[in-house]
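Numbering (my numbering), first residue to last: 47 to 215.
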């Protein structure tokens, strides 16, 4: 709780520093991840801090950042939603932008072991982990929307396991 208070009380200064360049932003995402790790229950812990949530979602959807940077922001998915949340337009919009910028129509289009393939796999597994950890219907909708148009999705086994776990909750 102390780390959360320090970060949120100094958010304007931290945000200004983080916005100065992508390296600072990446470091600030790390600070937020570390802060979340100190929480007794990190699920949804950033939801009460709209400006922090908005900043993270901007980093998920930015056209100017690398997939590696965005994957670091995706580490915070469990902090941005909760099991009781049905609608989160900002998060949904950010994930749609991520899809349009980095995800192919069919995952089989990716060259195995390429940077794009690895980044895609990592991002998709972070989405699945976020869904499994939070039980968020917002993330469920995102996973379904990101995978239904791909009949031979490269994460199909992981998707099946995660959906089974979600349903059995």
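Positions of the beta carbon are idealized from the N, C-alpha and C atoms, including for glycine.
Judging by CA-CA distance, which residue of 155, 112, 134 is the nearest neighbour of residue 183? Residue 183 sits at position 137 when you count from the first residue of the chain shown. Cα-wise, what sits closest to residue 183 is 134.
Do you know how far the Cα of residue 120 is from the Cα of residue 94? Taking the first residue of the chain shown as position 1, residue 94 is located at position 48. Taking the first residue of the chain shown as position 1, residue 120 is located at position 74. So the alpha carbons of these two residues sit roughly 18 Å apart.
Can you tell me whether residue 201 is buried or exposed? The criterion is at least 16 other CB atoms within 10 Å of its CB, across all chains shown. The count along the chain shown starts at 1 and reaches residue 201 at position 155. So residue 201 counts as buried.
What does the Cβ neighbour count give for residue 160, buried or exposed, with the cut at 16 atoms within 10 Å? Working through the chain shown from its first residue, we reach residue 160 at position 114. Its Cβ having fewer than 16 others within 10 Å, residue 160 is exposed.
Taking residue 108 as the reference, which of 91, 191, 81, 137 has the closest Cα? As a working mapping, residue 108 is identified with position 62 in the chain shown. Nearest in C-alpha terms to residue 108, of all of 91, 191, 81, 137, is 137.
Check whether residue 59 and residue 98 have beta carbons under 8 Å apart: In the chain shown, counting from the first residue as 1, residue 59 sits at position 13. In the chain shown, counting from the first residue as 1, residue 98 sits at position 52. Contact flag unset, no.
Give the single residue among 74, 157, 151 whose Cα lies nearest to the Cα of residue 122. The residue you call residue 122 lines up with position 76 of the chain shown. Of the listed residues, the one whose Cα sits closest to residue 122 is 74.
Grab the span of the alpha helix (DSSP H) containing residue 55 for me, first residue to last. In the chain shown, residue 55 corresponds to position 9, counting from 1. Taken as a continuous stretch (DSSP letters only), the alpha helix (DSSP H) holding residue 55 covers 48 to 55.
Burial state of residue 110, where buried means 16 or more other Cβ atoms lie within 10 Å: In the chain shown, residue 110 corresponds to position 64, counting from 1. So residue 110 ends up on the exposed side.
On the DSSP letters alone, give me the boundaries of the alpha helix (DSSP H) that residue 139 sits inside. For the purposes of this step, residue 139 is taken as the residue at position 93 of the chain shown. Segment 135 to 148, the alpha helix (DSSP H) holding residue 139.
Are the beta-carbon atoms belonging to residue 195 and residue 148 less than 8 Å from one another? Position 149 of the chain shown, counted from the start, is the residue given in the question as residue 195. Position 102 of the chain shown, counted from the start, is the residue given in the question as residue 148. No, Cβ-Cβ distance for residue 195 and residue 148 is not below 8 Å.
In chain order, what residues of the same chain have a beta carbon less than 8 Å from the beta carbon of residue 171, not counting five sequence neighbours either side? Numbered from 1 along the chain shown, position 125 holds the residue referred to as residue 171. The residues are 201, 204.
Which of helix, strand or coil DSSP assigns to residue 86: Within the chain shown, residue 86 is the residue found at index 40, counting from 1. In the structure shown, residue 86 sits in coil (DSSP, three-state: anything other than H, G, I, E or B).
Report the three-state DSSP secondary structure of residue 206 (helix, strand or coil). Along the chain shown, one-based indexing puts residue 206 at 160. If DSSP states are grouped into helix, strand and coil, residue 206 belongs with the helices.
Can you tell me where the alpha helix (DSSP H) holding residue 129 begins and where it ends? Position 83 of the chain shown, counted from the first residue, corresponds to residue 129. Boundaries for residue 129: no alpha helix (DSSP H) harbours it, and the DSSP string shows neither H nor E there.
Quick one: what does DSSP say residue 66 is sitting in, helix, strand or coil? If you number the chain shown from 1, residue 66 lands on position 20. Correct three-state label for residue 66: coil.
Return the residue from the list 113, 76, 56 that minimises the CA-CA distance to residue 165. For the purposes of this step, residue 165 is identified with residue 119 of the chain shown, where counting begins at 1. Nearest option by C-alpha distance: 113.
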